[in-house]
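A short worksheet on the structure shown next.
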Amino acid sequence: MGRKRGRGSGARGGLPRGEVNVDTGVVSLEGDGAGGVYLLIDGAYSSHLDLEDPLHLRIDYMRWIAALIDHVAAPSVAGGLKALHLGGAGCTLPRYVAHRHPGSQNAVVEIDGELARLAREWFELPKSPAVKIRVGDARKVVDSTRPGSKDVVVRDAFAGGRVPESLLTTSFYRRAAEVLNEGGLYAANCAGAAGLGLARDELAGMATAFEHLAVVGDSRALEGKSTANLVLAGSNAPLPEPDSKTGQSLARALKGGELPAFYRTGDWPRRQARLGAPRG
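Mapping the sequence shown onto the UniProt record's numbering, position 201 (from 1) lands on 201, and the numbers just tick up by one.
See below:
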């Protein structure tokens with residue numbers, strides 16, 4: 001991929017060294033040796049930003065979500081996407097969508113107001129409405145969002161290394177489905193210990209709200225043998241079949257990066273959902 005510097009894609013001035021206090025803990029930046037930076041929250045890697053190229057996604061699960069957005073949500077929308085991102089941190093994915101799909105409006109919900117301020121200061125994020133950061137509780141924002149107003153909902157919110165319980169319930173999935181338009185896409189970052197238990201429980205809850213499900217991950221994670229992230233997707237419109245033209249293009253996109261991924265839809269995620277337990 002060529003390296004391009006888009007307006008609002010780089011960092012404003014110098015970046016800090018050492019830890020910086022925010023509302024919910026401490027953050028720090030670590031160079032990647034190639035002109036980009038990692039954002040760490042309480043010592044854990046949270047985001048990566050290529051300061052020259054907003055379209056370069058180094059973190060694999062973000063690349064997988066971006067591929068789903070590009071192949072599932074974007075083709076049916078003219079004039080840019082309306083996306084709701086639950087969890088912001090460095091706003092890597094909203095920044096990507098704003099540049100990849102001009103005219104898009106990315107609403108980002110970040111519970112840490114100081115972190116949201118620093119992300120804008122450090123990374124020169126596109127201005128509102130391309131990337132609009134709202135400080136608040138993700139579930140409350142979803143509950144107050146107008147039905148049918150979004151093309152994409154991305155859930156990538158963590159507190160203390162875990163997804164907030166309010167974003168794991170059947171009532172949340174149903175409300176997220178209501179927020180989406182008829183062909184809208186829900187995508188979630190599922191991270192946890194080795195095994196498919198967490199993913200199965202989430203899929204069981206998603207199955208109560210979405211007619212169509214899909215899972216993206218590397219081969220070992222899909223077999224429950226790895227702690228690598230999985231991306232869970234849901235929609236009430238048909239998702240691409242693996243042997244379709246769109247499905248084949250999506251598969252090629254998922255094979256790039258350091259960790260090649262595979263796309264599972266149809267009966268596979270439904271079988272996993274039947275092994276899980278939805279949360280009320």
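For each residue, glycine too, the CB sits at the ideal point set by N, CA and C. Remember, predicted model here, so these are calculated numbers, not experimental data.
- Under DSSP, Lys82 forms a beta bridge with Gln105.
- Contact between the segment 207-216 and the segment 260-272 is present, with at least three C-beta pairs closer than 8 angstroms.
- In this chain, Asp267 is not harboured by any beta strand (DSSP E); it is covered by the alpha helix (DSSP H) spanning Asp267 to Arg274.
- Of Pro240, Ser249, Leu198 and Thr208, the smallest CA-CA separation from Leu230 is found for Leu198.
- DSSP places Arg252 inside the alpha helix (DSSP H), whose first and last residues are Lys245 to Leu254.
- Straight through space, the alpha carbons of Ala66 and Gly161 are spaced by roughly 22 angstroms.
- One thing to note: Asp156 has its Cβ within 8 angstroms of the Cβ of Asn189.
- In the three-state scheme derived from DSSP, where H, G and I count as helix and E and B as strand, Thr145 is classed as coil.
- The Cβ-Cβ distance between Leu203 and Pro269 falls below 8 angstroms.
- In terms of Cβ geometry, Ala119 and Val97 do not form a close pair [threshold 8 angstroms].
- Under the 8 angstroms Cβ criterion, the segment 88-97 counts as touching the segment 47-61, having at least three qualifying pairs.
- Separation of the CB atoms of Glu110 and Val22 is rounded to 10 angstroms, and the pair is thereby denied contact status at 8 angstroms.
- For Ile65, the enclosing alpha helix (DSSP H) stretches over residues Asp60 to Leu68.
- Residue burial is scored here from C-beta neighbours: Pro147 has fewer than 16 other C-beta atoms within 10 angstroms and is therefore classed as exposed.
- Boundaries for Val72: no alpha helix (DSSP H) harbours it, and the DSSP string shows neither H nor E there.
- In this structure, the beta-carbon distance from Gly79 to Gly103 falls below 8 angstroms.
- Residues of the same chain with a CB within less than 7 angstroms of the CB of Pro240, apart from the 5 flanking positions on each side, are His71, Val72, Thr246, Gly247 and Leu250 in chain order.
- According to the DSSP assignment, Ala221 belongs to the alpha helix (DSSP H) that extends over Ser219 to Leu222.
- Excluding sequence positions up to five before and after Ala116, its CB lies within less than 7 angstroms of the CB of Gly88, Glu110, Ile133 and Val135, all in the same chain and listed in chain order.
- Straight-line measurement puts the Cα of Val152 at about 10 angstroms from the Cα of Gln105.
- Annotated three-state conformation of Leu29 is strand, per DSSP.
- Exposure of Asp32 is indicated by the presence of fewer than 16 other C-beta atoms within 10 angstroms of its C-beta.
- Nearest neighbour of Asn236 by Cα position, chosen from Arg95, Ala228, Arg174 and Ser226, turns out to be Arg174.
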